[in-house]
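Residue numbers (my numbering): 318 to 717.
Don't be surprised by glycine CBs; every beta carbon is placed ideally from N, CA and C.
Computed from a prediction, not measured in an experiment: that's the story for all the values here.
1. Any idea if residue 613 is buried or exposed, counting beta-carbon neighbours within 10 angstroms, 16 or more meaning buried?
2. Cβ atoms of residue 541 and residue 564: under 9 Å apart, would you say?
3. Starting from the Cα of residue 544, find the closest Cα among 571, 507, 578 and give me that residue.
4. Enumerated in chain order, which unbroken segments of the alpha helix (DSSP H) with a length of 4 residues or greater are wholly contained in the region 440-522?
5. Could you tell me which residues DSSP pairs with residue 622 in its beta bridges?
6. From 490, 559, 516, 618, pick the residue whose C-alpha is nearest to that of residue 569; which is it?
7. Is any heavy atom in the ligand SAH found nearer than 8 Å to the beta carbon of residue 476?
8. Label residue 701 either buried or exposed according to how many other C-beta atoms from any shown protein chain fall within 10 Å of its C-beta, with 16 as the threshold for buried.
9. Three or more C-beta pairs closer than 8 Å, one from the region 571-578 and one from the region 588-597: is that the case here?
10. Rounded C-beta distance between residue 361 and residue 452? I'm assuming under 8 Å.
11. Tell me the residue span of the beta strand (DSSP E) that contains residue 555.
12. Is residue 700 helix, strand or coil when you go by DSSP?
13. Can you name the residues that DSSP bridges to residue 537?
14. Since residue 709 is in the beta strand (DSSP E), which residue starts that stretch and which ends it?
15. Does the count of Cβ pairs from the region 436-455 and the region 362-369 closer than 8 Å reach three?
16. Determine the DSSP secondary structure at residue 572, reduced to helix, strand or coil.
17. Who are the near neighbours of residue 467 in its chain, counting only those whose CB is closer than 8 Å to its CB and skipping five residues on each side?
18. Which first and last residues belong to the beta strand (DSSP E) in which residue 671 is found?
19. Let's see if you can read the secondary structure: which residues bound the alpha helix (DSSP H) around residue 425?
20. Helix, strand or coil: which one does DSSP assign to residue 681?
21. Around the C-beta of residue 637, are 16 or more other C-beta atoms found within 10 angstroms, so that it is buried, or is it exposed?
22. Assuming residue 633 is part of the alpha helix (DSSP H), what are its boundary residues?
23. Give me the Cα-Cα distance between residue 473 and residue 349, rounded to the nearest whole angstrom.
24. For residue 646, is the classification buried or exposed, using 16 other Cβ atoms within 10 angstroms of its Cβ as the cut-off for buried?
25. Under a three-way DSSP split, which group does residue 686 fall into?
26. Could you tell me how far apart the beta carbons of residue 445 and residue 465 are, in whole angstroms, since I believe they sit closer than 8 Å?
The structure is reproduced here in structure tokens:
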């Protein structure tokens, strides 16, 4: 298989002699078959995800040696990021209204690496070769065509979006404040010369001088300010090279690089539904940015914020949130603890337990942010309780 074979232009077929309605039916049937083949074949290789990722990157760097410079020296974390990206795309492959904006954002974000069309070709070749190798006898020409067609469409969406964006590929940001909260948490404030055009609720990729080429996703914790400052909430995680460096070693005056904004979480002011926010730990940051923006408006939807942690010290911003709720009657803050059963003034249990204990929230828009496990548990429990799926929004790539 050649690189050009993977991302060659979508073929232009001769006009069908059949009526338009028939062609539409055939196209829909073909798309359904493609989705089924991709999901079934991915399910075969998903248990071998680490091996697939190792093979993929080995082949990618063989096909495109200059691509190696875009990645960190230690590839261990990068391989897990590939798996999460693939899982997310496979989940959305039959939901173009969700997948297309995600691909457009991803294409714009990849501009910071200097990605060009030949890199997309190499990625497509390596990806399909990796899935094929670890599929064994389950692989077929039909499956290969489905993957090639899907990747061609996705790569084109990303490349077209990147080419259409004339904004900066990244924004230099000077650290102006580094505030430690306990041993494992910090609030870092940076300032950019040019405004980063994010919407409260979105996130950005961040590179620090302590870990070059290790970009991590962080959510601004405030709405846009005139002085260009942005707050980030960072907690150290086990094995987290970047989080430990940020919390422990960030210095005022150092320069970070911020990628363009990503993500779907936001408040649609044209929507009349009230809001439920579910935030675990530093997953509070995007909710805090949204609340910050809402405080600037005269009229707002009702907002129920469920703010959870294991112990009371995890709720590092609870006092500020309660003060905001005291002056903004549309905001209700519900603190939630998994441990410390004797603590008062809080709900006890997991966020999934407590949120569904309050009801189905079928008439609300729901925003969820936190660890992957918390997001999975909360979304699953809310769906069972009766919350419509199209009312729930979360961004899985805020987590590293």
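Working from what's here:
1. Flag for residue 613 reads exposed.
2. It is not a contact, given that the beta carbons lie outside the stated cut-off.
3. Closest by C-alpha distance to residue 544, out of 571, 507, 578, is 507.
4. Fully enclosed alpha helix (DSSP H) runs of 4 or longer: 458-481.
5. Bridge partners of residue 622 according to DSSP: 594, 650.
6. Out of 490, 559, 516, 618, the CA that lies nearest to the CA of residue 569 is found in 490.
7. In the structure on display, the ligand SAH does not appear, and there are no ligands present to speak of.
8. Residue 701 should be labelled exposed.
9. Fewer than three Cβ pairs drawn from the region 571-578 and the region 588-597 lie within less than 8 Å of each other, which leaves the two stretches out of contact.
10. At roughly 5 Å, the Cβ-Cβ gap stays under 8 Å, so residue 361 and residue 452 are in contact.
11. No beta strand (DSSP E) holds residue 555; DSSP gives it neither H nor E.
12. Helix at residue 700.
13. Looking at the DSSP output, residue 537 sits in a beta bridge with 549.
14. For residue 709, the enclosing beta strand (DSSP E) starts and ends at 709-711.
15. These segments touch.
16. Note: residue 572 maps to strand in three-state DSSP.
17. Excluding residues within five positions, the ones whose Cβ falls inside 8 Å are 351, 355, 410.
18. No beta strand (DSSP E) holds residue 671; the alpha helix (DSSP H) holding it covers 668-674.
19. Here the alpha helix (DSSP H) through residue 425 covers 413-426.
20. In the structure shown, residue 681 sits in a strand (DSSP, three-state: E or B).
21. Exposed, by the Cβ-count rule.
22. Careful: residue 633 lies outside any alpha helix (DSSP H) and carries neither H nor E.
23. Between the alpha carbons of residue 473 and residue 349 lies a distance of about 20 Å.
24. Exposed.
25. Strand.
26. Indeed, because the Cβ distance is near 6 Å, the residues count as touching under 8 Å.
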